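Since the structure comes first, as structure tokens, the remarks are kept for the end.
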Amino acid sequence: MALTRIVCATDFSADATRAVRRAAMLARQHGAGLRLLHVVSRPRLDALRQWVRRPVDLPERLVEAARAEMQQTAGEARVVIGDVVASIAKAAAGADLLVLGMTDPETQFTVQP
């Protein structure tokens, strides 16, 4: 099977960092494009907003900071706000390989053929 497009979802945990490294290695070995993805759930973003006293452009700054950091590893990096599972499924559509290394206990995946 030829790999031309790899998507790797990360939550920036140690497990996810290892998965990102592996995805990057596979992309190099196969000459494939690599897209890194981080999804921030709306409830977590809302909780963070309540914690920060002054209203700021927090979502935009967080998204840009995370994207810039991930861009150093992959040709394409996206940070989105939304449902974690649905966002990852959407990003993986058309990919040859989806790499996951997340340890977030709130995220449950059911793999269906």
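In our numbering, the protein residues as written are 20 to 132.
Backbone N, C-alpha and C fix where the C-beta goes; we use that ideal spot for every residue, glycine too.
Because the structure is a prediction, the values reported are computed rather than measured.
- Query: Does DSSP classify ALA51 as helix, strand or coil?
  - Reply: Against the sequence shown, residue 51 aligns to sequence position 32. It is coil, neither helix nor strand.
- Would you call GLY120 buried or exposed, if buried means 16 or more other Cβ atoms sit within 10 Å of its Cβ? As a first step, residue 120 is located in the sequence shown; it is residue number 101 there, counting from the start. Classification for GLY120: buried.
- Query: How close, in whole Å, do the beta carbons of VAL118 and ALA38 come, if the pair is a contact with beta carbons under 8 Å?
  - Reply: Your numbering for residue 118 matches position 99 in the sequence shown. Your numbering for residue 38 matches position 19 in the sequence shown. The pair is a contact, with the Cβ atoms about 5 Å apart (cut-off 8 Å).
- Message: Suppose contacts are defined by Cβ-Cβ distances below 8 Å. Is ARG54 in contact with ALA108 by that definition?
- Response: In the sequence shown, counting from the first residue as 1, residue 54 sits at position 35. In the sequence shown, counting from the first residue as 1, residue 108 sits at position 89. 8 Å or more divides the Cβ of ARG54 from the Cβ of ALA108.
- ALA42 - DSSP class collapsed to helix/strand/coil: As a position in the sequence shown, residue 42 is number 23, starting the count at 1. Helix.
- Backbone CA spacing between ASP34 and ALA43 [nearest angstrom]: For the purposes of this step, residue 34 is taken as the residue at position 15 of the sequence shown. For the purposes of this step, residue 43 is taken as the residue at position 24 of the sequence shown. Going from the Cα of ASP34 to the Cα of ALA43 covers about 14 Å.
- Task: Have a look at ALA51, VAL58, GLN69 and ALA46 and flag the residue whose alpha-carbon is nearest the alpha-carbon of THR29.
- Result: Numbered from its first residue, the sequence shown carries residue 29 at position 10. Answer by Cα proximity: VAL58.
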